[in-house]
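These notes concern the structure reproduced below.
Numbering (full-length UniProt numbering), first residue to last: 1 to 282.
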């Protein structure tokens, strides 16, 4: 019995403790495991419907909350609008007033633009997200990240550079087309003005989101006609935001800069543009 006990104890002491096993593992092996874990996080995976719906709803709620919580600095916003207007005159691109008056003279056209401004901004953006989710799940996460990063950085613009839209400037004779034609349009016009920050014109997310839609469609869609329509959509949106006196040309430039940041963030995380990723994932 004594010999058996000795053999058992000897056998126990022969096996190295788990801590020693971990200590003997090469450092490179642990680093490789960490890199593999990071690659797993960055690899596109099939999106889950309940999570995406919840994420989009919560994210838009937070975006609206923060955007509308920015103090409505009317005096600063009007000063910045005057500065933008003078800068555009210097650049010889200050034609917003002429475009606004010309399009406003065609009632059916400007009314259609009012409804375009109020609806397509949301409808088409959600539509492209749903299309990516259903038809291109491997590219969905990269496209969604680009859109979310674009929207997030836009909040800095609203906070740091309050800007009145042209229709709220005094002495420049811009026409608020929603008010004049009694259409349900911009959240910052007419009866809906109290629900939105009217001095958050820079950058223009109508341009940021519409160009995101156009770029994603051009990257991912196969038919040439779909690519062409995708690229025409932000151009049509640009005409609409200027014709309705909701934005300056330079607001659109701000929206494009935010979008460039969004796609850069997506590229840095996934290592490729959405169009370069696989259409389907396991």
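Every residue, glycine too, gets a C-beta built ideally from N, C-alpha and C. Computed from a predicted structure; not experimentally measured.
Rounded Cβ spacing between residue i and residue j (contact assumed at less than 8 angstroms)
i: residue 157; j: residue 220; result: Not confirmed; about 28 angstroms, so no contact.
i: residue 213; j: residue 124; result: 6 angstroms
i: residue 80; j: residue 163; result: 5 angstroms
i: residue 174; j: residue 243; result: The pair is not a contact, with the Cβ atoms about 11 angstroms apart (cut-off 8 angstroms).
i: residue 198; j: residue 155; result: Not quite, the Cβ-Cβ distance comes to about 16 angstroms (not below 8 angstroms), so this is no contact.
i: residue 52; j: residue 117; result: Not really, about 27 angstroms apart at Cβ, beyond 8 angstroms.
i: residue 129; j: residue 269; result: The pair is not a contact, with the Cβ atoms about 18 angstroms apart (cut-off 8 angstroms).
i: residue 177; j: residue 115; result: 11 angstroms between Cβ atoms; not a contact.
i: residue 61; j: residue 121; result: Rounded, the Cβ-Cβ distance is 17 angstroms, inconsistent with contact.
Distance between residue j and residue i (C-alpha atoms, nearest Å)
i: residue 263; j: residue 50; result: 25 angstroms
i: residue 103; j: residue 54; result: 40 angstroms
i: residue 94; j: residue 135; result: 42 angstroms
i: residue 73; j: residue 67; result: 13 angstroms
i: residue 224; j: residue 231; result: 11 angstroms
i: residue 252; j: residue 278; result: 31 angstroms
i: residue 235; j: residue 273; result: 22 angstroms
i: residue 59; j: residue 211; result: 20 angstroms
i: residue 76; j: residue 127; result: 36 angstroms
i: residue 65; j: residue 255; result: 19 angstroms
i: residue 267; j: residue 139; result: 12 angstroms
i: residue 23; j: residue 233; result: Note that residue 23 scores a pLDDT of 47, beneath 50, so its modelled location is shaky; the value from the coordinates is reported in the next line. Distance between the alpha carbons of residue 23 and residue 233 is about 59 angstroms.
i: residue 171; j: residue 153; result: 32 angstroms
i: residue 91; j: residue 82; result: 14 angstroms
i: residue 105; j: residue 179; result: 14 angstroms
i: residue 78; j: residue 86; result: 12 angstroms
i: residue 147; j: residue 271; result: 16 angstroms
Test item: CB-CB of residue i and residue j under 8 angstroms
i: residue 261; j: residue 88; result: no
i: residue 205; j: residue 151; result: yes
i: residue 165; j: residue 281; result: no
i: residue 143; j: residue 207; result: no
i: residue 57; j: residue 149; result: no
i: residue 100; j: residue 218; result: no
i: residue 110; j: residue 250; result: no
i: residue 181; j: residue 119; result: no
i: residue 200; j: residue 47; result: no
i: residue 113; j: residue 240; result: yes
DSSP three-state assignment for residue i, whether helix, strand or coil
i: residue 154; result: helix
i: residue 5; result: The pLDDT assigned to residue 5 is 46, lower than 50, so where the model puts this residue is not dependable; a value taken from the coordinates is nonetheless given after this. The answer is helix: DSSP assigns residue 5 an H, G or I state.
i: residue 200; result: strand
i: residue 277; result: coil
i: residue 266; result: helix
i: residue 170; result: coil
i: residue 23; result: Confidence at residue 23 is low in this model, with a pLDDT of 47, below 50, so the placement of that residue is unreliable and no value is reported for it.
Residue i: CB within 7 angstroms of a non-hydrogen atom of the ligand ZN
i: residue 221; result: Absent from the structure shown: the ligand ZN. Ligands present: none.
Neighbour flag for residue i against chain C, beta carbons, 8 angstroms
i: residue 230; result: Chain labels in this structure do not include chain C; a single protein chain is all it has.
Open item on the list: As an exercise, report each continuous beta strand (DSSP E) stretch of at least 3 residues that is fully enclosed by the segment 56 to 102, in chain order.
Closed with: none
Open item on the list: Please give the ranges of any alpha helix (DSSP H) in the segment 216 to 261, keeping only runs that are unbroken, at least 4 residues long and fully inside the region.
Closed with: 224 to 243
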